[in-house]
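Take a look at the structure below.
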Amino acid sequence: MKNAASKTPPRAVGVRDRFRSPAPVLALAPMAEFTHAAFRQLVAELGGCDLFWTEMLNSRIVAGTNPERDPFLDRGDRDRPLVAQLVGGDPDTMARAARRLEAMGFDAVDINMGCARRAITRHGWGIALMSDAPRARAVVRAVRRAVRLPLLAKLRALPGHDARRLEAFARSLVEEGLDALVLHPRAAADGFKRPARWAEIGALAAALPVPVIGNGDVTDPEACRRLLRETGCAGVMIGRAALVRPWIFREIAAGRPWAGDLVEVARHMGRLVEDRLPPDLRRRRFLAWCAWYLRNWAHGHHLLGLVRREPDIDAMLAALERATDGQQLLQRPFYGRL
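The numbering used here puts the first residue of the sequence shown at 2, with every later residue one more than the last.
Here you go:
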């Protein structure tokens, strides 16, 4: 089982070259508890994804422990190029963590400036950095000096959707050495209650000299095409919709619907979780994914209740197979929160 980070840096991949390509970039969003090695491999095997993100990585842990033994830093040869997302607020710690990630063979580093969870912001991390521009610049400057890898930052809309201040903030980070950035155009207070304001992505893409990836409300290939057409952004990052339909990147890239076996996808995800995650995380992470994936069925909430009762992944899959026989599949699953 591959439950620890690979010790041999894998083949180099040109992230900067990918951004120079005329084709838009399709990226898997970083999602805590979800974008672990097993799920990334599932998406990679289904095809169509150009860039993969790790889960959010605590810079103190990466810089201060032995990351080679950390299961959250496990990676394979299919989920490439792989961007390691760091969260933190101390420039020196972030720089040391980035150096370790570079030595381990990651393809790029992304600085999390978008997470609004209280557990993150109370340290002055995540979106709190967007309220402290001097420190945010210092973090980018320190990481840029520490590594030669492509450097990105993931931002979100500011309170009140102040587009002018957002542009000034983003431009200041580019001046410190960012190669690209991602924008999720919802303010922290919006949650998922309001639509993503794609116009803010377009404004930032037009204003900055580096690629901007748009994120938010891309639930199907048509939404992806509309986002690209309306904003002129360099790429699209997909999160929740990829949990429900991990083949969404394949559908976008191929230009036609995917017609595979949904239960077989769940079986394969179960095998990957057993293979790539440590025992104490397997059931919990597989169940967390099921909470999204089962929305493909008309009675997904009922299916989740059945699966949740089971003690292990094999039993969960057996329950799923029994319960989905003849169940109606939804053409447009609900992507909001449960």
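By construction, the Cβ of each residue, glycine as well, lies at the ideal position given by its N, Cα and C atoms.
Rounded distance between the beta-carbons of residue j and residue i, thought under 8 Å
i	j	result
Ala143	Pro160	Not quite, the Cβ-Cβ distance comes to about 26 Å (not below 8 Å), so this is no contact.
Ala28	Ser60	Incorrect: roughly 21 Å between the Cβ atoms, too far for contact.
Leu229	Tyr294	Incorrect: roughly 26 Å between the Cβ atoms, too far for contact.
Ala109	Pro82	7 Å
Ala181	Ile202	Contact doesn't hold; Cβ gap of about 13 Å is too wide.
Val26	Ala235	6 Å
Leu74	Met105	7 Å
Gly115	Gly127	6 Å
Ala324	Leu307	5 Å
Met131	Phe193	Met131 to Phe193, Cβ: 19 Å. No contact.
Arg76	Asp51	Rounded, the Cβ-Cβ distance is 16 Å, inconsistent with contact.
Asp313	Arg284	6 Å
Ala299	Leu331	6 Å
Arg154	Val141	According to the sequence provided, residue 154 is Ala. The question's Arg does not apply to it. Contact holds; Cβ gap of about 7 Å.
Ala139	Ser173	That belief does not hold up - the Cβ atoms of Ala139 and Ser173 are roughly 11 Å apart, past 8 Å.
For residue i, the first and last residue of its enclosing beta strand (DSSP E)
i	result
Arg112	The sequence shown places Ile at residue 112, rather than the Arg named in the question. Where Ile112 is concerned, the enclosing beta strand (DSSP E) stretches over 109-113.
His185	181-185
Thr55	52-59
Met95	Counting along the chain, Met95 falls outside any beta strand (DSSP E), though it belongs to the alpha helix (DSSP H) covering 92-105.
Val88	83-88
Leu29	26-29
Leu152	152-157
Ile128	No beta strand (DSSP E) contains Ile128, which DSSP labels as neither H nor E.
Met238	236-239
Gly215	213-216
From the options, residue whose alpha carbon lies closest to that of residue i
i	options	result
Pro247	Thr232, Val266, Ala235	Val266
Leu102	Val84, Ile239, Arg277, Ile121	Val84
His185	Gly77, Gly233, Ala158, Ala171	Ala158
Arg33	Phe170, Glu56, Asp18, Ala137	Strictly speaking, residue 33 in this sequence is Ala, with Arg absent from that position. Per the Cα distances, Glu56.
Val175	Arg195, Ala289, Ala206	Ala206
Arg100	Arg70, Pro151, Gln329, Pro334	Pro151
Gly217	Arg241, Gly233, Glu231	Arg241
Pro334	Asp313, Arg296, Leu321, Arg310	Arg296
Val318	Glu168, Glu275, Ala30	The question names Val, but residue 318 is Leu in the sequence shown. Comparing Cα-Cα distances from Leu318 to each of Glu168, Glu275, Ala30, the minimum goes to Glu275.
Asp163	Ala154, Arg198, Leu305, Ala260	Arg198
Asp111	Trp54, Ala299, Phe287	Trp54
Gly178	Ala169, Leu307, Gly271, Arg146	Arg146
Arg268	Ala154, Phe287, Pro31, Gly77	Phe287
Ala45	Glu322, Ala134, Leu273	Leu273
Ala30	Arg165, Arg41, Arg257, Phe20	Arg41
Phe107	Asp313, Met131, Gly15	Gly15
Arg277	Arg17, Val63, Asp71	Asp71
Ala38	Pro279, Gly301, His300, Glu311	Pro279
Val183	Val211, Pro196, Ser22	Val211
Arg166	Ala208, Met270, Pro23	Ala208
Thr66	Thr94, Gly49, Leu47, Leu321	Thr94
Asp315	Met270, Gly301, Asp326	Met270
Leu47	Ala24, Ile62, Ala260	Ala260
Arg257	Ala292, Gln329, Gly49, Arg21	Gly49
Asp326	Gly301, Glu311, Arg309	Gly301
Leu43	Arg309, Asp80, Ser22	Asp80
Trp290	Thr36, Gly233, Pro23	Thr36
Asp191	Ala117, Ala320, Ala64, Ala24	Ala117
Residue i - containing alpha helix (DSSP H), residue span
i	result
Ile253	249-255
Met274	Contrary to the premise, residue 274 reads as Val rather than Met in this sequence. Val274 -> alpha helix (DSSP H) spans 263-277.
Ser173	164-176
Val16	16-21
Met317	314-325
Trp199	199-208
Trp298	Run containing Trp298: none; DSSP gives neither H nor E here.
Thr232	222-232
Arg136	134-147
Thr342	No answer is possible for residue 342: the residues shown for the chain start at 2 and end at 339.
Phe40	38-47
Closer than 8 Å to chain D by CB, residue i
i	result
Asp326	Checking the listed chains, one finds no chain D in this structure; it contains a single protein chain.
Would the stretch 211-228 and the stretch 240-259 be scored as touching if the rule is three or more Cβ pairs under 8 Å? yes
Taking 8 Å as the cut-off, does the stretch 117-133 touch the stretch 88-98 (at least 3 CB pairs, one atom from each stretch)? yes
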